[in-house]
Amino acid sequence: QSVKNTWIAGEKGYDAGKKVAGIKRHIAVDTKGLIHAIEVTTANITDREGAIQMCERHKKTLEKVKNILCDGGYTGLSFAQSIKEAIDCSVEIIKRSELHKFVVLPKRWIVERTFAWLENYRRLWKNCERTL
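Note that full-length UniProt numbering numbers the sequence shown so that position 39 is 39, with each residue one more than the last.
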């Protein structure tokens, strides 16, 4: 999730895909949407790099994880191999429909729902911190 920075924030990056200057929040949740790991990076870090950093930093918390469900943005053998090396689990990509129609895929919306829960807390809608 890319989040805007205020002018006082110490670290800034630019997410060209979403046109947001600020930070990114990377989270690992279970199938109920409960957070098990979180990584905050500057917005110029890719989702793949952020997820790998998160898994490497939270090895102890994620040691019982056997399978990670990801969306299409995490495809690639190098990502799956990096996750395998970091926490010894497999990566499963949940692909969307080939018909390009809007269909809610329940497993893909777990993380988005958790981000929506986080956004209910006013202090998280914009990054106002001087340092990460």
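The beta carbon of each residue, even a glycine, is placed where N, CA and C say it ideally should be.
As the structure is a computational prediction, the values presented were derived from the model and not from experiment.
Checklist entry - Is alanine 51 closer than 7 Å to lysine 23 when the C-beta atoms are compared? => result Position check: residue 23 holds isoleucine in this sequence, whereas lysine was assumed. Going by C-beta atoms, isoleucine 23 is not nearer than 7 Å to alanine 51.
Checklist entry - Are cysteine 89 and valine 111 touching if we call contact CB-CB under 7 Å? => result Not closer than 7 Å, so no.
Item to check | Terminal residues of the alpha helix (DSSP H) in which glycine 50 lies | outcome: Segment 47 to 57, the alpha helix (DSSP H) holding glycine 50.
Checklist entry - Would alanine 37 be called buried (16 or more neighbouring beta carbons within 10 Å of its own) or exposed? => result Alanine 37 counts as buried, since no fewer than 16 other beta carbons sit within 10 angstroms of its beta carbon.
Checklist entry - According to the neighbour-count rule (16 or more other Cβ atoms, all chains shown, within 10 Å of its Cβ), is aspartate 30 buried or exposed? => result Here aspartate 30 is exposed, its C-beta having fewer than 16 other C-beta atoms within 10 Å.
Next on the checklist: If distances are taken between C-alpha atoms only, which option among Arg96, Ile35, Leu62, Gly73 comes closest to glycine 17?
Outcome noted: Checked all of Arg96, Ile35, Leu62, Gly73; the closest Cα to glycine 17 is Gly73.
Checklist entry - Can glutamate 49 and leucine 69 be called in contact, C-beta distance under 7 Å? => result Taking 7 Å as the cut-off, the Cβ atoms of glutamate 49 and leucine 69 do not count as close.
Item to check | leucine 62, buried or exposed, once every other Cβ within 10 Å from all chains shown has been counted against 16 | outcome: By the 10 Å Cβ count, leucine 62 comes out buried.
Checklist entry - Exposed or buried, what is threonine 41 when buried is set at 16 or more other beta-carbons lying within 10 Å of its beta-carbon? => result Its Cβ being crowded by 16 or more others within 10 Å, threonine 41 is buried.
Item to check | Three-state class that DSSP yields for leucine 132 in the structure shown | outcome: Summary for leucine 132: the model assigns pLDDT 49, below 50, so the residue's position carries little reliability, and this model does not support an answer.
Checklist entry - So, is alanine 28 buried or exposed, given that buried needs 16 or more other C-beta atoms within 10 angstroms? => result With a 10 Å radius around the Cβ and a threshold of 16 neighbouring Cβ atoms, alanine 28 comes out buried.
Checklist entry - Is it true that the CB of arginine 113 sits closer than 7 Å to the CB of alanine 33? => result Correcting the residue type first, residue 33 is glycine in the shown sequence and not alanine. Yes, they are a contact pair.
Item to check | For histidine 26: DSSP bridge partner residues | outcome: Secondary-structure assignment with DSSP links histidine 26 through a beta bridge to Glu39.
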